Each structure stands twice: as structure tokens, then as C-alpha cells.
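When you read off a place in the first sequence, starting at 1, and then add 255, the result is the number in our numbering. Glycine included, every Cβ here is placed at the ideal spot set by N, Cα and C. This structure is a prediction, so every number in the text was calculated from the model and none was measured. In what follows, a single structure is set out as C-alpha cells and then discussed.
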Amino acid sequence: MRMRRLFGQTLRESPSEAEAISHQLLVRAGYIRPLAAGIFSYLPLARRALSKLETIVREEIEAIGGQEVAMPVVHPAEVWQRTGRWYAIGAEMGRFTDRTDRDLVLAMTHEEVVADLVRSEIQSYRQLPQLVYHIQTKWRDDPRPRAGLIRVREFTMKDSYSLDADWEGLDRQYRAHYQAYFNIFHRCGLDVIAVASDTGMMGGALAHEFMVLAPVGEDTLMLCDHCGYSANRQIAGFAKPEAVSELPLPVTRVATPGAATIAALAEFLGIEASQTAKAVFLVGTIPEGEQSVERFIFVVIRGDMEVNETKVANAVQAQSLRPATEAEIRAIGAEPGYGSPVGIHDALLVVDDAVVRSPNLVAGANEPGYHLRNVNYGRDYEADIVSDIAAARAGDSCPQCGAPLRAERGVEVGNIFKLGTRYSEAVGCNYVDAGGQSHPVIMGSYGIGIGRTLACIAEIHHDAQGLVWPVSVAPFQVHLITLGPEESEAAVVADRLYAALWEAGIEVLYDDRDRSPGVKFNDADLLGMPLRITVAQRGLKQNSVEIKRRDLTEREFVPLDTVVGFVKDQIAILEGDLAQRVSSVPYRD
RNA sequence: CGGGGCGUGGCGCAGUUUGGUUAGCGCGCGCGGUUUGGGUCCGCGAGGUCGGCGGUUCGAAUCCGCCCGCCCCGACCA
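Laid out in C-alpha cells, this is it:
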């Protein structure tokens, strides 16, 4: 590609709205342009990089048996109504109507459509297992797009769907994806970790997220350096410090004026926070058939811990949670700041397992300025649900080995879900087994955010001058620049070299513009192609050109007649380095 | 949705507090010249309903009201 013909230009300064480094660089270097919040156009440079990324994805998914399909972006509402998600998902879903007023949905994901497709195509166990995938545009009307391509509303996703007759088959396909995903990300030059994750709106039994560790990430991961435990903070467990064992003492009422927080209470009574029970008041939206109802959720956790709302939502099967209002709190017989599980009514009582094991806690008295000493679970109150609902924090003990956990930020670039039969049952996609019995197909779903992955690569692979693409996803392998006026010897030689390199199958971006050397060098650094060839008088005196790797500082003069071979060797070296990153990763739940 | 910031040629900004000729600057863009190993230098030039609507005023980029958009933090998030 000749740069004077390239569509899109570089910017000397990045637009003020860009904050994330990948966002700044991709915009400055002329890869992407914003159209609206969370909606981008991809210019030729980005499109080429994305194509390479998609090729890697296709190779790895087809290597585990995937067959590419293409499913629609616009879906009739009925398929989403059948699985209930039309009702369960709120404003995030793009809805509109056609000219005859039929409800339509903009694809957020394709479980429904796959299930519908499978219903017509799969009848027998003989047709299973299957793995279909596509790379498709999705729309999620995210309330807050951010950080350029990291979190957008319109995005491209690879999603594959496994179809099996038995759970062992699902397990095989799940594990195959687990390894394939590592292969994909390693080939792109990304280190990722797989963490156990919440299943969220997808539902299902088990899920992993593939995370790139980066400060720009919006997920918090809890990691154990000792045993390798890793989980999204939303579901991370931890070994809770045990309470002292004591015989239950009689409940006594104690005046605690002004002690409306755990810290104030502990100080006032001269006790540890772990000897208190904290009440947290939430209202959950809980589905009941096609309707959903609001229920008051009274959460009790030990004073030294914090509530993890994802865990609470999962424990009570809530679609969403919100803080309760003061009026709602009083309506169930509790008192803000002095709440107690003793004596409340019309609330779903959820108690953390550590509270159950902790005797003689100080809880509120449900009246202002008073607490109760020696409140004991089982004797003084009983929960509707006892569960782990505490948030893991950095420094907490690993649930597997007890070593301290570390917290890190991460970007979710991929995820894998064991869906089971949720969608196949809802849509009625069944197969007949060898004995003639009908069963729902067992499904898995597996996503990779293509644009987000590209942004993560940029986030990791850059320096002060610009992007530094891994050769596997670089839009071009070589950035050829020529210094000196048009019609000069350098220009003539560069023209010839450009043709020779393409002839040899090497992808070259050729800066043939009539610009000063500084501009060309700076743009080459900004655009980030792995190899730079400079044709100028300085080298031509020895009949050679300068070649430099973008990721190294050394430059080398290479005789003109050996340039093509030299470049091929360099590309092979770069590709080899990436290939070395690919390794088999032990599976862990 | 809550909190904060911003909206002036393609990009980055000044001007708004205290209303007053033709709204400036840098980059970029076009033309001519110059230079050719790290964003050369000189000259000429094109390009803006100052986010939108309404109001106040003799007069609005500037003051007031409503609306829209973009960014950041939080809520949210496969």
C-alpha cells in the first residue's frame, strides 16, 4: 500500500476525549474513528489488523471442529420471548419495529438463534456433536461505553456454540475451547489468565473469563500467587477468619447513641468489628414466570466483611438489586443504622455463612440508639438463605491454600459458558437418542471480543512513540520509507524494492509521500509495523538499506540484493517468537 | 440513572468571568519556493450557522432557560 493513497491520516495530537492509551494511539495513528458513543468506524489499517486477528480465531476454532456460519443481526422478538430474555433484559437490548409493527431485536448474542437453527437441523444423536461459530456484529446499548474499543456498544464478536448429546461431550468441547482460547491470545501476543466467573445473563452451570491484566480493565480479579487460584471478584471466595468459639450468652439490650456505623459501634463498645453483625438492606427484582416481583432482601454479614452484591443476587436469583429506601427499611420493622435480623418481617433474610459460625455478635436493636449484644444465629433468628455473600479483598486468604490473595484489574477478552439445556429446552431443540428417546441438546457458548482484543494488544504493545504490533496482527509486516526528493535515487530504489517485496509475498506499507524524514520516521513509529526499511542516500552509498525492528533499538544496513531474504528471515523470527508463546495450559475449574 | 468536566474550521486550543468592529492561534489542508536521517523553513491561500432551539439586549461565542452530544468517576456490564 502506498501511503499517499492510504485512506485515513495520522494526527499529531490525539483527540481530547481519548484517555486510554490504546484509544489515543488507535485514533492518532489513523486506525479508528468515532461516530458516536461506543460506535466506531474502522479504517483500512484497523480492518487489516482485525482480519488477521479473525484469521487466527478461525484457524483455532476450526482446529477444534468449528464450522463457520453467519447468523442474522436482526431477530424477531419471538425467539427472545421464548427464552424469557426479552423480558429479563432491560434497556441494554436494542428493540425496534418493522413497517408492520412487528417487534425486532438487534442481536446481543446468538444463543436463541442457534437454538432455533438447531431445532430444524438436528434431530438425531448421530448428528452430534457439533460446533458452529460465526464472527458477527452485536449491539448492546451499554449505559457507559468507555476507553475506546475496550467497551463499546456496537462490536464484533466471535461466538461459537457447541451442541452435544451428553454432558461429557459438553465438557470435552468446553475444555477444547479453553485451550484454543489460550492459543488464540498467545498467537496475538497477549498473556491472558482464565478466571472462574459469574454466569450473569447467560445462565448456565460454569463459566470462565479470559482476562488480559491491564490497569484499564474494569473487572477486578482475585489471584493467588501460591496455588494459582484465580476468580473474578464478583464470585471469588476466600477463607474467612474463624470467630472465637464461645457458649451463647443471653441477649442484652445496650444503649449505643450515635453508633450507626460498624466502626463507631466497635469503638463505642470496645470490641472488634468481627464481633458485630452488619445489616445491609437491598431490594431485589426476582423473576416469577413471565413477571418479576420486588422483594426486600435483608442481608446479614459480619462487621469485618463487605457484601458482594453479585453473590447476593445469585443466592436469591435476582435479576437486579438496588439499595432499599429508608421508608422500605422501616416498613419491614428495621431501623437504618441499627438494623437487626431479630424481629423483622416481610423480608428475604440472607445470612453470610461466617455469621452463622460466629457466636455472641452485636447486632442492631431495630430502634435508634440501641444494639443487642450476644445475638446468635439459630437461637435468635433463622435465615431464608445461608450462603457465602462476602466480597473477597486483597490480603484475604485464598480459599484453596490460605495464602494471601492479590487483586488485579483485567479486561475480559473472551469467555466460555457451559449453558446446558437452558436454551434448547426453552426453544424446544431436541434430539433422539439411540433408544428413540427425545432429549434437549446440551449447549455451550464461547465468545471472543474481536475489537476489544485488538485494543488490548495495543494497550500492551506500545511505547512512547506509538504502536508496536506483534507480527501476527500487524496490518503490514513492513513499513518502507524513502528519504529524499521524488525522482531521487532513493525513490527509484524504494519503488523497486516495494515491488520486489510484494512479489515475494511480503505485506508492505510504503511511505512514498513527499514529506520530511522526521514526519516519516514518526509516522512509522506511530503506526507500529514490525519492520522498518529506510531507503536513503546514506545506505545507498554502500548499496544497502537500513532495516530496524520496531521493538528493538538496533538498526542494520543490509545489502540491497539480500533484502528480500533478510526480511523473510526477520518475519520468520518474529513469528517464531510468537509461536513459542503458544503452549498447553492445564485446565482448572 | 447519580456526580463531575467539556462542546469555537479535520485535530489541539485561546476568547466566555466583565456582552461591543470583519472570531483568533498552532497543527493539518491547497499553491509556490526551500529542505531531505527524526514532526524543515519562507510566502500566499481556502476552510467556522462558536452543539441546537428559544429568550434578554440597540448588540450574544459571551447573559438566562430548555434540549442534544461527548468524556471521566460511580451504578451497570456476556
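DSSP state of residue i mapped onto helix, strand, coil
i	result
Tyr842	coil
Ile828	helix
Ala589	coil
Lys566	helix
Trp724	coil
Gln530	helix
Phe351	strand
Ser743	coil
Asp816	helix
Thr737	strand
His600	coil
Pro772	helix
Glu333	helix
Ser269	coil
Asp866	No answer is possible for residue 866: the residues shown for the chain start at 256 and end at 844.
Val506	coil
Cys711	helix
Gln546	strand
Among the options, nearest to residue i - alpha-carbon criterion
i	options	result
Thr392	Asp356, Gly345, Val328	Val328
Leu425	Ile802, Ala681, Gln385, Arg805	Gln385
Asp806	Asp816, Val790, Asp832	Asp832
Arg707	Val387, Cys443, Asp643	Cys443
Trp335	Arg628, Tyr380, Ala370, Leu502	Ala370
Arg664	Tyr678, Met477, Ala586	Met477
Ser652	Val723, Gly483, Val450, Glu527	Gly483
Trp341	Glu366, Ile287, Gly691	Glu366
His463	Asn563, Ile703, Leu372	Ile703
Phe553	Ala755, Ala582, Ala589	Ala589
Gln732	Gly760, Ala710, Val747	Gly760
Tyr632	Ile448, Thr580, Gly624, Ser613	Ser613
Glu637	Leu627, Ile599, His626, Gly624	Ile599
Ser306	Ala710, Arg508, Pro730	Pro730
His845	Ser839, Asp844, Arg843	Because residue 845 is not part of the residues shown, which for the chain are 256 to 844, the question remains open.
His278	Met258, Ser693, Ile319, Leu722	Leu722
Pro398	Gly492, Gly293, Tyr429	Gly293
Asp474	Asp453, Leu461, Ala494	Asp453
Pro695	Leu266, Ile287, Gln378, Ser269	Gln378
Asp639	Pro659, Val611, Ala645	Val611
Pro772	Pro785, Ala754, Trp757, Thr789	Thr789
Glu376	Ile276, Arg350, Ala325, Asn685	Asn685
Inter-residue spacing [alpha-carbon to alpha-carbon] between residue i and residue j
i	j	result
Ile541	Glu622	29 Å
Asp421	Phe672	16 Å
Asp824	Arg770	30 Å
Pro591	Val535	9 Å
Pro470	Val687	49 Å
Arg302	Ala346	30 Å
Arg804	Ala827	13 Å
Leu851	Val312	The structure shown does not extend to residue 851, since the chain is modelled only from 256 to 844, so the question has no answer here.
Tyr380	Val763	50 Å
Val282	Ala304	14 Å
Val373	Ala647	40 Å
Ala528	Arg557	8 Å
Thr676	Ala343	18 Å
Ala498	Gln574	33 Å
Gly263	Asn487	39 Å
Arg357	Phe410	25 Å
Ser679	Gly339	13 Å
Asp816	Ala719	34 Å
Glu830	Glu317	21 Å
Ser727	Leu576	43 Å
Pro289	Ile390	22 Å
Gln797	His481	56 Å
Gln546	Met348	18 Å
Ala834	Ala402	30 Å
Integer Cβ distance of residue i from residue j, believed to fall under 8 Å
i	j	result
Arg661	Ala649	6 Å
Thr565	Gln655	No, Thr565 and Gln655 are not in contact; Cβ-Cβ is about 20 Å, not under 8 Å.
His716	Leu782	13 Å between Cβ atoms; not a contact.
Val630	Val666	With a Cβ gap of about 43 Å, Val630 and Val666 do not count as contacting.
Residue i Cβ short of 7 Å to the ligand ATP heavy atom set
i	result
Ile344	For the structure depicted, the ligand ATP is absent and the ligand set is empty, with no information on it obtainable.
**Asked** Taking three-plus beta-carbon pairs below 8 Å as touching, is the stretch 508-521 in contact with the stretch 597-615?
**Response** Touching, no, given that fewer than three Cβ pairs across the two stretches are closer than 8 Å.
**Prompt:** Does the stretch 344-363 come close enough to the stretch 427-438 to have 3 or more Cβ pairs within less than 8 Å?
**Reply:** A contact is defined here as three or more CB-CB pairs under 8 Å, and the stretch 344-363 fails this definition with respect to the stretch 427-438.
**Asked** Is the number of C-beta pairs between the stretch 605-617 and the stretch 527-534 that are closer than 8 Å three or more?
**Response** At 8 Å Cβ cutoff, the stretches touch.
**Request:** Flag this pair as touching only if the stretch 283-303 and the stretch 413-420 have three or more C-beta atom pairs under 8 Å; answer yes or no.
**Result:** Result no; under three Cβ-Cβ pairs closer than 8 Å.
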